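Presented below is the structure to which this report refers.
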Amino acid sequence: MSDNLSSRLPRVCVVLFLLCATAMAAGAGEIKLEAQLIWGTTNSVSPNPNHKPAQKDVERKLQEQPFKWKHYFEVNRVTLTVPDGEQKGAPVSKSCSIQVKNLGGQKVEVTLIGKGKETGKITQALPKGELLVVGGNAENATAWFVVLKQAE
Amino acid sequence: MKQELQLKLQAYLDGELPDGEARPVAGLLAQDAEARALLAELKNTRAALAGFEADIKLPESREFYWSKIEREIERQSAMIEPERKFASPFASFRRILAPVCAIAILVIVGLVAIRQVDFSDRRGLEVKAEFVDGGALTYRDHTQGLTLVWLPYPAESEAALTDTDDIL
């Protein structure tokens, strides 16, 4: 039996090696991101029934900021997978979209487009757990946020 | 020669024939050279076997005696086996291949794990923000791992990124 095992072990090792190498190659350089449009308000209930409470980690991090808004609702969420060195875009709302370029090493260049015009560009590393947030004033003393993070 | 005669010769040699039967056999032997040759052969065989009929006693029990032989065979086989393995280059290659593959797998698993875990110093995370309007504020919260770019325009501003219609 031990002879049988020792004769099979190299083959098992080779198969596992190939599986691991394939898995690594498949995920090499690719970055999967989530872009969320968040609405910040002082009200605990959103008037829009389609709104969902923001993800716990996103809500907690925004609540830690010196904002007056304590309640955050997810209006929309899009996922985009960007291969190394490539650029992909996704609409976050009717008037806002983002373009993400994967610069490698988890570094991204995010271009913000509002109402068809390029508003700005942010370049930074976006490791897992890190949030890149762009925000501004909305009507009735509320706020909008575009939150970009690596997908879980 | 008939088998019956052969058996009689054996019985004659062993002194098992009665006188009435022994005498004709003795007469046959005087006349028949083949019968004499067979008798001589039987005598030689009996003499040879007599040397092995000594009552040999084993110094220990039968089971112990044979188990000693078995152990000795196993010991000698074990001495021969490594030489055989060493003699095959493929066998030694296989012996090396298994640990090398195991190490390679561990290295790959480690690399995959490192890819999942971020060891970068987030305090040193570089943020570069360029906005069309110079009023944009960039703020970095190292504790929370959050970069905030705030566009301080009024909600109805043309420079605002999104409309209230988009939200509500």
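Going down the list, the sequences are from chains A and B.
Quick note, in the working numbering, the first sequence goes up one by one and the last residue is 393.
Quick note, in the working numbering, the second sequence goes up one by one and the last residue is 282.
C-beta atoms are modelled at their ideal positions from N, C-alpha and C, and glycine is treated no differently.
From a predicted model like this one, the values you see are computed outputs, not experimental measurements.
Identify the residues that DSSP records as bridge partners of A/Gly-196: which are they? Since the first and last residues shown for chain A are 242 and 393, residue 196 of chain A lies out of range.
Under 8 Å by Cβ, that's how I've got A/Ala-295 and A/Ala-331 pegged, so tell me the actual separation to the nearest angstrom. With 8 Å as the limit, A/Ala-295 and A/Ala-331 do not qualify as a contact, their Cβ atoms being about 18 Å apart.
Name, please, each residue of chain A whose Cβ falls closer than 7 Å to the Cβ of B/Glu-240. Within chain A, the residues near B/Glu-240 are Gln-365.
Indicate whether the contact test is met: 3 or more Cβ pairs, each with one atom in the segment 309-320 of chain A and one in the segment 275-293 of chain A, closer than 8 Å. When C-beta atoms of the segment 309-320 of chain A are compared with those of the segment 275-293 of chain A, three or more pairs fall below 8 Å, so the two segments count as touching.
Per-residue DSSP class, three states only, for A/Val-351: In the structure shown, A/Val-351 falls within a strand segment according to DSSP collapsed to helix, strand and coil.
Work out the CA separation of B/Ala-149 and B/Gly-134 for me, nearest whole Å. Between B/Gly-134 and B/Ala-149, the C-alpha separation is close to 19 Å.
Is there a Cβ of chain B sitting closer than 8 Å to that of A/Asn-378, yes or no? Any Cβ of chain B closer than 8 Å to the Cβ of A/Asn-378 would place that residue at the interface, and such an atom is present.
List the residues of chain A whose Cβ lies closer than 8 Å to the Cβ of B/Ala-250, in chain order. Neighbours of B/Ala-250 on chain A, chain order: Gly-361.
Give the secondary structure of B/Lys-171 by DSSP, where H, G and I count as helix, E and B as strand, and everything else as coil. In the structure shown, B/Lys-171 adopts coil according to DSSP, grouped into three states.
Using a C-beta cutoff of 8 Å, does A/Leu-321 count as contacting chain B? For A/Leu-321, the answer is no, since every Cβ of chain B falls outside 8 Å of its Cβ.
Which first and last residues belong to the alpha helix (DSSP H) in which A/Val-333 is found? Segment: none, A/Val-333 is in no alpha helix (DSSP H) and carries neither H nor E.
Name, please, each residue of chain A whose Cβ falls closer than 8 Å to the Cβ of B/Phe-204. Listed along chain A is no residue with a C-beta nearer than 8 Å to that of B/Phe-204; the closest approach is about 11 Å.
Going along the chain, which residues of its own chain have a beta-carbon closer than 6 Å to the beta-carbon of A/Lys-214, five neighbours each way excluded? No statement about residue 214 of chain A is possible, as the shown extent of chain A runs from 242 to 393 and does not include it.
Using a Cβ-Cβ cutoff of less than 6 Å, which residues in the same chain neighbour B/Thr-252 once the five nearest sequence positions on both sides are dropped? Contacts found: Ala-243, Val-263.
B/Arg-254 - partner residues in DSSP beta bridges: DSSP links B/Arg-254 through a beta bridge to B/Thr-261.
With 16 other CB atoms within 10 Å as the buried threshold, where does B/Ile-217 fall? B/Ile-217 is exposed by the Cβ-count criterion.
Can you tell me the Cα-Cα spacing of A/Thr-352 and A/Leu-278, whole angstroms? If I take the Cα positions, the gap works out to 15 Å.
Can you find a C-beta in chain A that's less than 8 Å from the C-beta of B/Tyr-179? No, no contact with chain A.
Are any of the Cβ atoms in chain B nearer than 8 Å to that of A/Glu-371? With 8 Å as the cut-off, A/Glu-371 counts as an interface residue toward chain B.
With a cut-off of 8 Å, does the C-beta of B/Thr-159 fall near any C-beta of chain A? Not an interface residue.
Taking the straight line between their C-alpha atoms, what separation do you get for B/Arg-209 and B/Cys-215? Distance between the alpha carbons of B/Arg-209 and B/Cys-215: 11 Å.
Please state whether the Cβ-Cβ distance between A/Asn-378 and B/Tyr-267 is less than 8 Å. In this structure, B/Tyr-267 lies closer than 8 Å to A/Asn-378 by Cβ.
Interface positions of the segment 301-314 of chain A facing chain B (Cβ-Cβ less than 7 Å), listed along the chain: Cβ contacts with chain B come from Lys-302, Glu-305, Gln-306.
With DSSP as the reference, identify every bridge partner of A/Gln-290, one or two as the case may be. The sequence given here places Pro at residue 290 of chain A; Gln does not occur at that position. According to DSSP, A/Pro-290 bridges with nothing at all.
Just checking: is the beta-carbon of A/Val-375 within a distance shorter than 8 Å of some beta-carbon in chain B? So, interface residue.
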